[in-house]
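Each residue of the sequence shown is one higher than the one before, counting from 168 in the working numbering.
Yeah, the Cβ is synthetic: ideal placement off N, Cα and C, and Gly gets one too.
This one's a predicted model, so the numbers in the text were calculated from it and none came from an experiment.
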Amino acid sequence: MTDFVTRFAPSPNGYLHLGHAYSALVGFYAARRHGGRFLLRIEDIDLGRARPEFEAAIYEDLAWLGIEWEEPVRRQSEHFSIYEAATAKLTDVGLTYPCFCTRKEMLSAGATHGPDGLVYPGTCKELNAPDVAARINAGEPHALRLDVEKALARMEAPLFWQEEEEGQVLANPAAFSDVVLARKDVPTSYHVSVVVDDARQGITTVTRGRDLYEHTAVHRLLQALLDLPMPHYHHHALVTDDAGQRLAKSKGSTSLRDLRAAGYTWQDILAALPPLD
Numbered sequence: 168m169t170d171f172v173t174r175f176a177p178s179p180n181g182y183l184h185l186g187h188a189y190s191a192l193v194g195f196y197a198a199r200r201h202g203g204r205f206l207l208r209i210e211d212i213d214l215g216r217a218r219p220e221f222e223a224a225i226y227e228d229l230a231w232l233g234i235e236w237e238e239p240v241r242r243q244s245e246h247f248s249i250y251e252a253a254t255a256k257l258t259d260v261g262l263t264y265p266c267f268c269t270r271k272e273m274l275s276a277g278a279t280h281g282p283d284g285l286v287y288p289g290t291c292k293e294l295n296a297p298d299v300a301a302r303i304n305a306g307e308p309h310a311l312r313l314d315v316e317k318a319l320a321r322m323e324a325p326l327f328w329q330e331e332e333e334g335q336v337l338a339n340p341a342a343f344s345d346v347v348l349a350r351k352d353v354p355t356s357y358h359v360s361v362v363v364d365d366a367r368q369g370i371t372t373v374t375r376g377r378d379l380y381e382h383t384a385v386h387r388l389l390q391a392l393l394d395l396p397m398p399h400y401h402h403h404a405l406v407t408d409d410a411g412q413r414l415a416k417s418k419g420s421t422s423l424r425d426l427r428a429a430g431y432t433w434q435d436i437l438a439a440l441p442p443l444d
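Right, here's the structure in full:
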């Protein structure tokens, strides 16, 4: 057994850019330094946006960068039943509730923006059981949310996570309000699938961007509720554009594919990125 296992877990909903390259390389180099294992995981639960051509490009881009990973690659869309079972455990102990709200309805109810999008105002938490049953029986689409207040009440002590450079960090999942555990379109969410997969794959150190730093509070709560092991975390700096904004697929940041087509080499990419040590 190795003492160090990390992963790179992209979503195949677009082409990788320099920020993805940096995140993958940070994890790959860390595994190599520690004599550990580097895994690749395809986080494709968003079936409406995932595309085979994007997944194929991920493999091509990483190989071009000189990154090697273990086979087989775990694809989350093949494991929905496992994530659904994890959420069912929380439902069985009364920690979830159905939510029928649309984004427009949440905004109308006064939802504010938080670290994970809109902070849910708790509208559906107030619905009575007969109304909920009637709407579900009528086939109305609904998500499942975690009742964070109830969940935290089950904790016997404050939650912390171990950050590589900072040491212990106090987790504050309440800042996210009642996060979605199962979406309306698929029986899971990012939060559930990532903690379940990290545990099942034996991840000892999660290497990912600083933009996911605060999400770790929710992940620590889910790990505690589901009795999953806690990995260490290393949230690395983000690669930014000339305006200081982080790179993103949604903003059309230049892809590795386009850089390669323009004649850049993998050595050029390494030179353009922050230090990997």
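Beta-carbon proximity list for residue i, same chain, < 6 Å, skipping 5 on both sides
i       : result
Gly-186 : Val-406 and Leu-414
Thr-279 : Val-286
Tyr-445 : Residue 445 lies beyond the range of the chain shown here (168 to 444); nothing can be said about it.
Supposed close pair residue i, residue j - CB separation, criterion 8 Å
i       : j       : result
Gly-403 : Arg-377 : In the sequence as displayed, the identity of residue 403 is His instead of Gly. Indeed they touch by this definition, with Cβ atoms about 7 Å apart.
Gly-261 : Lys-416 : No, Gly-261 and Lys-416 are not in contact; Cβ-Cβ is about 38 Å, not under 8 Å.
Leu-337 : Pro-354 : With a Cβ gap of about 31 Å, Leu-337 and Pro-354 do not count as contacting.
Val-373 : Pro-398 : 5 Å
Ile-234 : Phe-195 : 5 Å
Ala-301 : Ala-342 : With a Cβ gap of about 33 Å, Ala-301 and Ala-342 do not count as contacting.
Glu-445 : Ala-176 : What the structure shows of the chain is the stretch from 168 to 444, and residue 445 is not part of that stretch, so it cannot be assessed.
CB contact flag (residue i, residue j, <9 Å)
i       : j       : result
Leu-207 : Arg-174 : yes
Leu-192 : Leu-443 : yes
Ala-116 : Val-240 : Because the chain here runs from 168 to 444, residue 116 falls outside it and cannot be looked at.
Arg-218 : Pro-179 : yes
Ser-420 : Asp-409 : no
His-201 : Asp-228 : no
Ile-212 : Arg-350 : yes
Proximal residues to residue i (C-beta, below 8 Å), its chain only, five neighbours per side dropped
i       : result
Gln-335 : Phe-327, Trp-328 and Gln-329
Ile-436 : Leu-185, Ala-188, Leu-232, Leu-423 and Leu-426
Arg-387 : Leu-326, Phe-327, Trp-328, Ala-338, Pro-340 and Met-397
Glu-237 : Arg-204, Phe-205, Leu-206 and Leu-207
Ala-429 : none
Glu-272 : Thr-290
Sheet register partners of residue i (DSSP bridge)
i       : result
Ile-370 : According to DSSP, which records beta bridges pairwise, Ile-370 is partnered with nothing at all.
Cys-268 : Beta-bridge pairing links Cys-268 to no other residue.
Val-286 : Thr-279
Tyr-400 : Glu-330 and Val-373
Thr-173 : Phe-205
Gln-335 : Gln-329
Val-347 : Arg-312
His-184 : Ser-422
Neighbourhood of residue i by C-beta distance below 7 Å, restricted to the same chain and skipping five residues each side
i       : result
Val-299 : Pro-265
Met-168 : Bear in mind that the predicted position of Met-168 carries a pLDDT of just 43, short of 50, making it unreliable; the figure below should be weighed with that in mind. Closer than 7 Å at Cβ, skipping near neighbours: no residue.
With contact counted as at least three CB pairs below 8 Å, one residue from each stretch, are the segment 257–275 and the segment 304–320 in contact?
By the Cβ test, the segment 257–275 is in contact with the segment 304–320, since at least three Cβ pairs between them sit closer than 8 Å.
Using 8 Å as the threshold, is the segment 350–369 in touch with the segment 246–262, meaning 3 or more CB pairs across them?
yes
For the segment 283–294 and the segment 334–348, state whether three or more C-beta atom pairs, one from each stretch, are separated by less than 8 Å.
Yes: the two stretches touch, three or more of their Cβ pairs being nearer than 8 Å.
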